[in-house]
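Q: Pasting in a structure now, in structure tokens, and then I'll have a few things to ask.
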Amino acid sequence: MKRDGDGALLLLVAIAGSGTMVVELAAVRLLAPWFGASSAVWTNVIGVVLLALSLGYLLGARWSNSERPLQRLGAVLITAGLFTAWLPFLAPLLARVFLPEGTTLDRAALQIQWGSLACSLTLFLPPALALGAVGPLAVEVDQRRRESHAGNAGGRVLAASTLGSLAGTFGTTHLLVPALGLRLSFLLAACILGGLGLLVLWSAGPRPRTAGGTGLILLLASMLAPPVEAAPRSDVRLLAERQSPYQSVRIVERDTAEGPWRELQVNEGFDSFQSVWKPEAGFLGKSYYYDCFALPAWLDERDTGDWNTCVVGLGTGTAWRVLEAELPGDMVLKGVGIELDPAVVELGREWMNLPPAGTEGRLVLAGWDGRAGLRFAGGGFDQVILDAYANQVEIPAHLSSLEFFREAHSALRADGWLSVNVGAFGFDDPVLLAIARTVCAAFEAPVALVRVPFSRNVALIARKGAPVLPSPIPSDLPQDWSQWLRFDLATRLHSDDSDPLTDDRNDIERLQRESLQGAAEARR
Amino acid sequence: MIAALLSAAGVFTLAPIQEAAFQRALELTSEGRFAAALETAEDPSLDPTARSQARFWALYNAGLLDLAQAEALAALQVAPEDAWLLARATELALGLHDPSAAEQHLQAWRVDAEGESSERRAVRAQVEAAVATDRKRSRGLRLARMTTLGLLSACAGALGWLLRSSR
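The listed protein sequences derive, respectively, from chains A and B.
Per this note's numbering, numbering through the first sequence is continuous, rising by one, with the last residue being 524.
Per this note's numbering, numbering through the second sequence is continuous, rising by one, with the last residue being 1167.
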């Protein structure tokens, strides 16, 4: 039984497995600036990679019948390296073909599904296919060397490949992309795959060396190509950009009559933003839903003391910037802010006046999931604000369930308030109705739905143990709210608590797709 | 004030009996009292065109753009050549990212005998840009579907062939 090079072969297989995960995980990040990183995009990428691997396994099996499977192995590794190296250059060009500049979020529901699938097939199928062929070829090489049973060789190769994939999974998310960025991550993976392929060919004789040399030249040439990146809209200036473990985030600035305004954009290929900042704290204007977060404080019976808030989905702190300047009377803002992405918090502190760590009365839980953070934050809040969005349009399922809203209910003081920002096209929007039913069920009371003018947002307000809208509506509310709350086309009480979303049964993502598609169909 | 401006621009030509209610609806709109404006628009002295215009103006200023668009369409059924309504409906459709509706309203918005107004020219430029962007979007979607179906078919064919030939 020959054992020469056994370890090297298994290491090679592990690295190829790792490369597959780099391609798969970084693929979503590569597409995210255009198509977001929603479950639809993830599904498309994973589906394409699985399809490619199936094809690769069959091709590898076919090539393993050749006289020199080791040479084939070298060739597929170089091919995988080449295709991987081109990904960061081709992706922006292709994405712009399928999702042209100027497409607005409310027109893009189908574009996101089909565009991300077409991009995934074009970009990720070739490298994943080549990487899929590595396994069967390695099994053949191993079996011939060791003269062992197919099951024995297959088990060893599968174990090495899966361990490599495991390392690639954690390494890509926690090390490669945050430290190197996307482009360098792909290029590093390409170099390693191509380099391994060259080594294999070099060890196989003079003719393969020529082919390997050609591959090396192509690989180097592809690395010299200039980077193509998702440019921000032409009316804004880019101030800062980060690749976080979760997403690509950027701060942009645009000129307005009130001076420069800044926006936090997350995986943005559209016209939306996640946080907004203006030089002076306070109301942003009627079309901004953030202003509605101040409404509960104005409807509350108190107008002195601390106003203790918990913001789930703090972003860079826009809700706090509004509240700290616009609370009634002598109220003072205190609170906990929960933000999943620490990079967002860092950028907020750097560019959007988010209070630094240690500021009295403000605790930022950076890197915390909203639900876990709310539990940690404690209770007795005057107001819980839910403004958590993933992928531009999606309220995460675990933050829109009956169980979550019951936890929010428990975290409030005896007659505290819940505010939810819901992206919705009017009162009949399926997402709004589902969340309203769920909050109704959790609070066992009607909720108020307040349309935000000139926008596609509705502010949902609920109150624990007291009517959500006082009767009569006070006549001294800011922002024309006194009129707005009496206007039945703008404000509605919702009391249906049937069929709430739960942790067990939550189809919020389907409802969100229906919402976008419904808005598009309404125009036809 | 608003009614006077709009009347001076030749937008509204109302019988005197209607003018008071119409004027009141516009004033209430400018004060941000939209519910009252809509109620006033139901005054029986107003004819259907004036009523729709007053309702539209209230909803448009309230920022309830989807409802304003529905009102504009209803108003245009009654007065399909009303230039003021067509101008607002076109702007509204652009604001709601609905270029095909904007294009339809623009086509119905006839050019005066004296030539195209500066307002229409400006709106036309925006509509043309929005329509061009939407065509690119439609082309992108078509291309994405064709690419997907083509590549998936090729993959299915390759899978079938490889499975058969590996027996």
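Positions of the beta carbon are idealized from the N, C-alpha and C atoms, including for glycine.
Helix, strand or coil for A:LEU493 per DSSP?
A: strand
Q: With DSSP collapsed to three states, give me the class of B:ARG1120.
A: helix
Q: Kindly provide the ranges of any alpha helix (DSSP H) runs that are 4 or more residues long and lie completely inside the region 91–167 of chain A, ordered along the chain.
A: 109–146
Q: Roughly how many whole angstroms lie between the Cα atoms of A:ALA85 and A:CYS191?
A: 8 Å
Q: CA-CA distance, A:VAL228 and A:SER419?
A: Confidence in A:VAL228 is poor, its pLDDT being 49 and thus under 50, which makes the residue's placement unreliable; the coordinate value appears in the next sentence. When rounded, the distance between both Cα atoms is 40 Å.
Q: List the residues of chain B that A:LYS334 touches, going by C-beta distances under 7 Å, in chain order.
A: Correct list: empty, because the minimum Cβ distance to chain B is about 32 Å.
Q: Starting from the C-beta of A:ALA388, find all residues in its chain whose C-beta is less than 7 Å away, skip the five residues before and the five after it, and write them out in chain order.
A: VAL312, GLY313, GLY370, ILE395, PRO396, LEU399
Q: Helix or strand or just coil, what does DSSP make of A:ALA414?
A: strand
Q: Can you name the residues of chain B whose CB is closer than 7 Å to the CB of A:PHE534?
A: Because chain A spans 1 through 524 in this model, residue 534 of chain A falls outside it and cannot be assessed.
Q: Quick one: measure Cβ to Cβ for A:GLY115 and A:PHE35, integer angstroms, because I've assumed they're closer than 8 Å.
A: 6 Å
Q: Quick one: is A:VAL228 near chain B, going by C-beta distance under 9 Å?
A: Summary for A:VAL228: the model assigns pLDDT 49, below 50, so the residue's position carries little reliability, and this model does not support an answer.
Q: Just how far apart, CA to CA, sit A:GLY47 and A:VAL141?
A: Here the alpha carbon of A:GLY47 sits roughly 29 Å from the alpha carbon of A:VAL141.
Q: Can you tell me whether A:THR256 is buried or exposed, with buried defined as 16 or more other CB within 10 angstroms of its CB?
A: exposed
Q: Does B:LEU1026 come within less than 9 Å of chain A when only Cβ atoms are used?
A: no
Q: Where does the unbroken alpha helix (DSSP H) through A:GLU346 begin, and where does it stop?
A: Taken as a continuous stretch (DSSP letters only), the alpha helix (DSSP H) holding A:GLU346 covers 342–351.
Q: Considering only C-alpha positions, which residue in the set B:LEU1094, B:LEU1067, B:THR1133, B:GLU1119 is nearest to A:ARG96?
A: B:THR1133
Q: Using the Cα positions of B:ALA1020 and B:THR1040, report the straight-line distance between them to the nearest angstrom.
A: 10 Å
Q: Going by the beta-carbon positions, is the gap between A:PRO342 and A:ALA357 smaller than 9 Å?
A: no
Q: Shorter than 9 Å from the beta carbon of A:GLU101 to some beta carbon of chain B?
A: Contact of A:GLU101 with chain B is assigned, a C-beta pair being separated by under 9 Å.
Q: Based on the DSSP output, what are the partners of A:LYS581 in its beta bridges?
A: Residue 581 of chain A is absent from the model: chain A starts at 1 and stops at 524.
Q: How big is the Cα-Cα spacing for A:VAL236 and B:LEU1152?
A: 39 Å
Q: Give the straight-line distance between the Cα atoms of A:PRO500 and A:GLY465, rounded to the nearest whole angstrom.
A: Cα atoms of A:PRO500 and A:GLY465: separation of roughly 20 Å, rounded to the nearest angstrom.
Q: Specify the secondary structure class of A:GLY379 as computed by DSSP and reduced to three states.
A: coil
Q: Please classify A:LEU238: does DSSP put it in a helix, a strand, or coil?
A: strand
Q: With 16 as the cutoff for other CB atoms within 10 Å, does B:THR1148 come out buried or exposed?
A: buried
Q: Hey, would you say A:LEU493 sits closer than 9 Å to A:VAL431, going by beta carbons?
A: no
Q: Just mark B:ASP1098 as buried or exposed, buried being the case when its beta carbon has 16 or more other beta carbons within 10 Å.
A: buried
Q: Rounded to whole angstroms, what's the CA-CA distance from B:ALA1008 to A:ILE473? Just pull it up for me.
A: Per-residue confidence for B:ALA1008 stands at a pLDDT of 45, beneath the threshold of 50, marking its modelled position as unreliable; the derived number appears in the next sentence. The straight-line gap from Cα to Cα measures roughly 39 Å.
Q: Just mark A:ARG456 as buried or exposed, buried being the case when its beta carbon has 16 or more other beta carbons within 10 Å.
A: buried
Q: Between A:PHE487, A:LEU469, A:SER498, which lies nearest to A:VAL442 when the distance is taken from Cα to Cα?
A: The question names Val, but residue 442 of chain A in the sequence shown is Ala. When each option's Cα is compared against that of A:ALA442, the closest is A:SER498.
Q: For A:TRP114, would you say it is in contact with chain B, using Cβ-to-Cβ distances shorter than 9 Å as the test?
A: So, interface residue.
Q: What does A:GLN265 pair with, by DSSP beta-bridge criteria?
A: Per DSSP, A:ARG250.
Q: Please report the Cβ distance between A:LEU55 and B:LEU1064, rounded to the nearest whole angstrom; I am assuming they are in contact, meaning their Cβ atoms lie under 8 Å.
A: 52 Å between Cβ atoms; not a contact.
Q: Since B:ALA1109 contacts B:LEU1086 with CB under 8 Å, what's their CB separation in whole angstroms?
A: In the sequence on display, residue 1109 of chain B carries Trp and not Ala. That pair is a contact at about 4 Å.
Q: Which residues does DSSP list as the beta-bridge partners of A:ALA385?
A: Looking at the sequence shown, residue 385 of chain A is not Ala but Ile. DSSP, once it has assigned bridges, lists A:VAL311, A:SER419 as partnering A:ILE385.
Q: Rounded to whole angstroms, what's the CA-CA distance from A:ALA159 to A:LEU70? Just pull it up for me.
A: 19 Å
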